[in-house]
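Working notes, structure below.
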C-alpha cells in the first residue's frame, strides 16, 4: 500500500472579464470594418458598372448615341481646363447653384410657415385643403414655360420654378410634423400659463424640426431639378442650358458630363444638410437603427 497522497486536482482557470474599454474598442473596430467593407463594395459596383459600360460602348453599341466613360471624362477635362463654348464651367455651375439656393430658401421658409400654421389650425386647414390639393396636382414642371413668358430668361423665372417645387416638398412634412406634436405637452404648457406663441416656439417647432429637416434632403434635389428644367426651357447660362446645347449638337458625352456635375453638387448639398441636421438634432437620442449602425 502506497503512502503517497494523491495530488490535488488543479484549479480551473478563472474566466477573464472584459473591461468597458475592451468592449468599446471591439465595437469601434467592428464599426470601422463595416464602414470599410461598405465603401469597398460601393467602389466595386462603380468599377464594374463603368468597366462594363466602356466595353459595351467600344465593341457592341454605338458610342455616338450612348457615349462611354472615357469620352465623358475627356469632356469634363475639357470643360474644367479650357472652358465651355459659353464661358467658364465654374460660371455655369454658379448660375445653377445660385438659382437653386435662392429658390430653395424662399420655398423652404414658405413651406415651413404655411405648414406649421395650417398644421396647428384645423379650421384654416379645412378651408384651404381643396386649393392646396389642386395646386399640388398641377404639373409644376410645365409651369417653367409660363414663368419664362412671365419673367423672361433671367434669374427670376428659374427661382420661381424652384420655389414651386420646393414649397410642396417642405409644406407637407411641416404640416404633418405640426400635427404630430404630443397633445399632452401642449395641454400641460397651457396649464402652466404658456401663450400660443410660446407653445409654438418651445414645443411645436422643436417637435416638427426632424420632419422639416428630413424634407430638406428631398427639397434641395427638387431645387436643382427646378433650376435645370428652367434653364432647359429657356436661359442664357447654367448647367441646364449647357445640357440643352449638348443635346442640340448631339454631344452625348456633354449631356452625361452635365448630369454628373449636377449629381456631385447635389451630393455636396446633401452632405451639408446632413451635417446641419446632425447639429440641430444633437439633443435627440439616436434611434434603434442609428445605434445599430453606429450613427450618432
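In this note's numbering, the protein residues as written are 3 to 298.
Note that beta-carbon positions come from the ideal geometry of N, C-alpha and C, so glycine has one too.
- Of the listed residues 23, 250 and 163, nearest to residue 222 (C-alpha basis): 163
Determine contact between the stretch 161-175 and the stretch 143-151, defined as no fewer than three beta-carbon pairs at a distance below 8 angstroms.
-> yes
Stretch pair the stretch 93-106 + the stretch 239-247: three plus CB contacts closer than 8 angstroms
yes
Is the separation between the beta-carbon of residue 255 and that of residue 74 shorter than 8 angstroms? yes
Q) What do you get for residue 77, buried or exposed, if any count of 16 or more other CB atoms within 10 angstroms of its CB means buried? A) buried
| How many whole angstroms separate the CB atoms of residue 217 and residue 172, which I take to be in contact at a CB cut-off of 8 angstroms? | 5 angstroms
Where do the N-terminal and C-terminal ends of the alpha helix (DSSP H) with residue 24 fall, by residue?
22-61
#### Entry: Pairwise C-alpha distance: residue 101 and residue 64
36 angstroms
(message) For a test of the three-state rule: what should DSSP assign to residue 86, helix, strand or coil?
(response) strand
Next on the checklist: Given a cut-off of 8 angstroms on the beta-carbon distance, is the pair residue 180 and residue 118 in contact?
Outcome noted: yes
What is the C-beta distance between residue 176 and residue 114, in whole angstroms, given that I count them as a contact (C-beta under 8 angstroms)? 5 angstroms
Ends of the alpha helix (DSSP H) at residue 151?
145-153
query: How close, in whole Å, do the beta carbons of residue 258 and residue 69 come, if the pair is a contact with beta carbons under 8 angstroms?
result: 6 angstroms
> Should residue 38 go down as buried or exposed, given a rule of 16 or more other Cβ atoms within 10 Å for buried?
Replying inline: exposed
For residue 154, which option in 233, 88 and 205 has the closest C-alpha, if you only look at C-alpha atoms? 233
Could you give the residue range of the alpha helix (DSSP H) that holds residue 109?
-> 91-122
Residue 228 and residue 270: beta carbons closer than 8 angstroms? no
- Message: So for residue 297, helix, strand or coil by DSSP?
- Response: Because residue 297 carries a pLDDT of 46, less than 50, the predicted location of this residue cannot be relied on, and no value is offered for it.
Checklist entry - What's the call for residue 67, buried or exposed, on a 16-neighbour Cβ count within 10 Å? => result exposed
Can you tell me the Cα-Cα spacing of residue 331 and residue 81, whole angstroms?
-> Lying outside 3 to 298, the shown extent of the chain, residue 331 is not represented and no answer is given.
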